[in-house]
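Chemist:
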Amino acid sequence: MIPPKPPARPDNVSLWQYLRLFRRDILSAQPQRLYRAWMAEFRTPFFRSYLINQPELIDRVLKHRPEDFPKSGRISEGLRPLLGQSVFLTNGEAWRRQRRIIDPAFEGGRLKQTFSAMLASAEACADRLRDRTGVPVEIEEVTSHAAADVIFRTLFSVPIEHEIAARVFEKFRAYQRQQPLLNLAAFVPLPGWVPRFHARKTRRAAAEIRALIARLTRERAAQIAAGTAPDDLATKIMTTPDPLTGQCFNTDEMIDQVAIFFLAGHETSASALAWTLYLMAAYPNWQDRVAEEARAQDELSFATMSRLRISRDVFREALRLYPPVPMMVREATCPERFRDRDAPKGAQIVISPWHLHRHERLWEDPDSFDPARWATENGKACQRAAFIPFSAGPRVCTGAGFAMVEGPLILSTLLRRYRFEPVEGRTPVPVAHLTVRSRHGIWLRVVER
Ligand code: HEM
3 MIPPKPPARP
13 DNVSLWQYLR
23 LFRRDILSAQ
33 PQRLYRAWMA
43 EFRTPFFRSY
53 LINQPELIDR
63 VLKHRPEDFP
73 KSGRISEGLR
83 PLLGQSVFLT
93 NGEAWRRQRR
103 IIDPAFEGGR
113 LKQTFSAMLA
123 SAEACADRLR
133 DRTGVPVEIE
143 EVTSHAAADV
153 IFRTLFSVPI
163 EHEIAARVFE
173 KFRAYQRQQP
183 LLNLAAFVPL
193 PGWVPRFHAR
203 KTRRAAAEIR
213 ALIARLTRER
223 AAQIAAGTAP
233 DDLATKIMTT
243 PDPLTGQCFN
253 TDEMIDQVAI
263 FFLAGHETSA
273 SALAWTLYLM
283 AAYPNWQDRV
293 AEEARAQDEL
303 SFATMSRLRI
313 SRDVFREALR
323 LYPPVPMMVR
333 EATCPERFRD
343 RDAPKGAQIV
353 ISPWHLHRHE
363 RLWEDPDSFD
373 PARWATENGK
383 ACQRAAFIPF
393 SAGPRVCTGA
403 GFAMVEGPLI
413 LSTLLRRYRF
423 EPVEGRTPVP
433 VAHLTVRSRH
443 GIWLRVVER
């Protein structure tokens, strides 16, 4: 048995069939051969894009020459109403300046200070499940709630029950349903002169979310001025000057960044945790091992995290099979040769963690769930060369270290108390929304241990 994998489309379909499939779901719209190919070219009368699927090519784009392959503007467009000029969308000097200010807040040392807020969220999540045992529960909703709680507690020192936090969370859920992260625009680049329309509903939802975030950010600016601000991520980022210019973010710039922290920080972790819990239900032996490891600790603390090795390997294996960000797109600013193909300037370069993580010529038994692989030679080599759930190079996820503490911590906290069981007839089907989700949710039964 292998864990759920979307069916691949037939190798040869017409452009229109492809577009139709793509609209439905970007994962099942791809042909089987991408699990073996080193690269692929999508060539139509209207556009060309290139999927690179070989570690050396991906390193070239992400690590060695990232300046020549900035984020594609076509992808940014859909997210602009919500994210403004946030670090996720900017390029060049604007992006470098933002990273200089943001990165110190996520350094290893700071993680220790953030830990107690994460632990409080993990325990609150376990408490909320107490009244939901014995009946099928939609787990994506549970993990979204938990991950949003983590972001609010670590960023603003408020729990998800806080009035504004709860409203932001609510509005994001509506937004997520309307706005796929990777839209058709990535593969069908429209010429620059075509006016862009964001659905009115999407724009309104984005404006509402931003208004709420603005309130939190302004309140915090006032607290910082009064000397009463708590020592959390928001305060740290808002008081860190750019080492080159000495200037801090102003409140408007900070609103853009808070929007991306919330979005990038909660959608992704929620997706990863939901798939991890599904895999635990599907592989009870591994579930028992994680639970035993967690119960062997007197308490879960920052110091004990390094002992939760099974939990970490399980979470990592879930990130491999279900990378929350399944594809990323860059734009070539100069003509480029990839293997035996010439990509023109302006070509869209697609990098697919989804396909790389299941590459049949790189991974042993790529579609199997096997957390023990990380201790094997093949697993170690692939972890270095073919495992990029957080991307790689200078634009690597700022929250990677944060997420690798948060994920195993919430997993271990939940498994200390509960067992998760599959619900018959409810096998999840992976689809790419804003992140990799299940078409009809992930349903599990939660049982007290
Ligand atoms: C399992 C959890 C997570 C996964 C899988 C993940 C994955 C990613 C990926 C793949 C990117 C690069 C996207 C691209 O280049 O197109 C990214 C960027 C980013 N992530 Fe994460 N992320 C996670 C958690 C977080 C958390 C917890 C935070 C913050 C609290 C965060 C903040 C960011 C930011 C700010 C960027 C933009 C970085 C830049 O462009 O310079 N992420 N993330």
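Residue numbers (the working numbering): 3 to 451.
Ideal Cβ placement from N, Cα and C applies to all residues, glycine included.
Would you check whether the ligand HEM has a heavy atom nearer than 8 Å to the C-beta of Glu408?
Modeler: yes
Chemist: Helix, strand or coil for Leu157 per DSSP?
Modeler: helix
Chemist: Say the cut is 8 Å; is the CB of Trp356 nearer than that to a heavy atom of the ligand HEM?
Modeler: No; taking the cut-off as 8 Å, the Cβ of Trp356 has no heavy atom of the ligand HEM nearer than that.
Chemist: What are the boundary residues of the beta strand (DSSP E) that includes Leu446?
Modeler: 445-450
Chemist: In the DSSP assignment, find the unbroken beta strand (DSSP E) run with Phe44 in it and report its ends.
Modeler: Under the DSSP assignment, Phe44 falls in the beta strand (DSSP E) whose first and last residues are 41-45.
Chemist: Buried or exposed for Met3, please, with buried defined as at least 16 other CB atoms from any protein chain shown within 10 angstroms of its CB.
Modeler: exposed
Chemist: Is it buried or exposed for Cys336, if we count other Cβ within 10 angstroms and need 16 for buried?
Modeler: exposed
Chemist: State the Cα-Cα distance for the pair Pro232 and Leu91, rounded to the nearest angstrom.
Modeler: 29 Å
Chemist: Taking only three categories from DSSP, how would you classify Leu36?
Modeler: helix
Chemist: Would you call Arg198 buried or exposed, if buried means 16 or more other Cβ atoms sit within 10 Å of its Cβ?
Modeler: Residue placement at Arg198 cannot be trusted, given a pLDDT of 49 that sits under 50; the coordinates are not used to answer.
Chemist: If we count the other Cβ atoms within 10 Å of its Cβ and call it buried at 16 or more, is Pro373 buried or exposed?
Modeler: With 16 or more other Cβ atoms from the protein chains shown falling within 10 Å of its own Cβ, Pro373 counts as buried.
Chemist: Looking at the unbroken beta strand (DSSP E) that takes in Tyr500, where does it start and where does it end?
Modeler: Nothing about residue 500 can be reported from this structure: the residues present for the chain run from 3 to 451 only.
Chemist: Helix, strand or coil for Gln350 per DSSP?
Modeler: strand
Chemist: Compute the Euclidean distance between the alpha carbons of Leu17 and Arg50, then round it to the nearest angstrom.
Modeler: Cα to Cα, Leu17 sits roughly 12 Å from Arg50.
Chemist: Starting from Ile28 and walking both ways along the alpha helix (DSSP H), at which residues does that stretch end?
Modeler: Segment: none, Ile28 is in no alpha helix (DSSP H) and carries neither H nor E.
Chemist: I believe His268 touches Ala149 by the beta-carbon criterion, under 8 Å. Please report the beta-carbon distance rounded to the nearest angstrom.
Modeler: Between the beta-carbon of His268 and that of Ala149 there is about 4 Å, and that keeps the pair under the 8 Å contact cut.
Chemist: Which whole runs of the beta strand (DSSP E) in the segment 351-408 are 3 residues long or more, in chain order?
Modeler: none
Chemist: For Thr253, collect the residues of the same chain with a Cβ closer than 7 Å to its Cβ; drop the 5 residues on either side in sequence, then sort them by chain order.
Modeler: Thr219, Arg220, Ala223
Chemist: Going by C-alpha to C-alpha distance, which of Thr270, Gln225, Asp258, Arg67 sits closest to Arg439?
Modeler: Thr270
Chemist: Using the C-alpha atoms, what's the distance from Arg343 back to Gln32?
Modeler: 20 Å
Chemist: Is it the case that the Cβ atoms of Arg441 and Pro430 are separated by a distance below 9 Å?
Modeler: yes
Chemist: Which partner residues does Glu333 have in the DSSP bridge list?
Modeler: Beta-bridge annotation (DSSP): Glu333 is paired with Gln350.
Chemist: Are there any heavy atoms of the ligand HEM lying less than 8 Å away from the beta-carbon of Leu279, as far as the coordinates show?
Modeler: no
Chemist: Mark Arg314 as exposed unless 16 or more other C-beta atoms lie within 10 angstroms of its C-beta, in which case mark it buried.
Modeler: buried
Chemist: Is the separation between the beta-carbon of Arg397 and that of Lys73 shorter than 9 Å?
Modeler: yes
Chemist: Can you tell me where the beta strand (DSSP E) with Ile226 in it begins and where it stops?
Modeler: From DSSP, Ile226 is part of no beta strand (DSSP E) but of the alpha helix (DSSP H) over 202-228.
Chemist: For Thr145 versus Glu450, is the C-beta distance shorter than 9 Å?
Modeler: Thr145 places its beta carbon 9 Å or farther from that of Glu450.
Chemist: Does the separation of the CB atoms of Glu295 and Leu310 fall below 9 Å?
Modeler: It is a contact, given that the beta carbons lie within the stated cut-off.
Chemist: Would you check if the distance between the CB atom of Val433 and the CB atom of Leu121 is smaller than 9 Å?
Modeler: no
Chemist: Compare the Cα-Cα distances from Arg100 to each of Phe422, Ala388, Phe251, Gly427 and report the closest residue.
Modeler: For clarity, residue 100 is Gln in the given sequence; the question names Arg instead. The option with the nearest alpha carbon to Gln100 is Phe251.
Chemist: Return the CA-CA distance between Arg155 and Ser123, expressed in angstroms with no decimal places.
Modeler: Distance between Arg155 and Ser123, taken at the CA atoms: about 8 Å.
Chemist: Starting from Glu295, trace the alpha helix (DSSP H) both ways and give me its first and last residue.
Modeler: 286-297
Chemist: Since Leu53 sits in a beta bridge, which residues does DSSP pair it with?
Modeler: Ala42, Val352
Chemist: Can you find the residues in the same chain that come closer than 6 Å, C-beta to C-beta, to Ala443, ignoring five residues on each side of it along the sequence?
Modeler: For clarity, residue 443 is Gly in the given sequence; the question names Ala instead. Excluding sequence neighbours, Gly443 sits near Glu140, Glu142.
Chemist: Is Lys238 helix, strand or coil when you go by DSSP?
Modeler: helix
Chemist: To the nearest whole angstrom, what separates the beta carbons of His357 and Leu36, a pair I think is in contact under 8 Å?
Modeler: 5 Å
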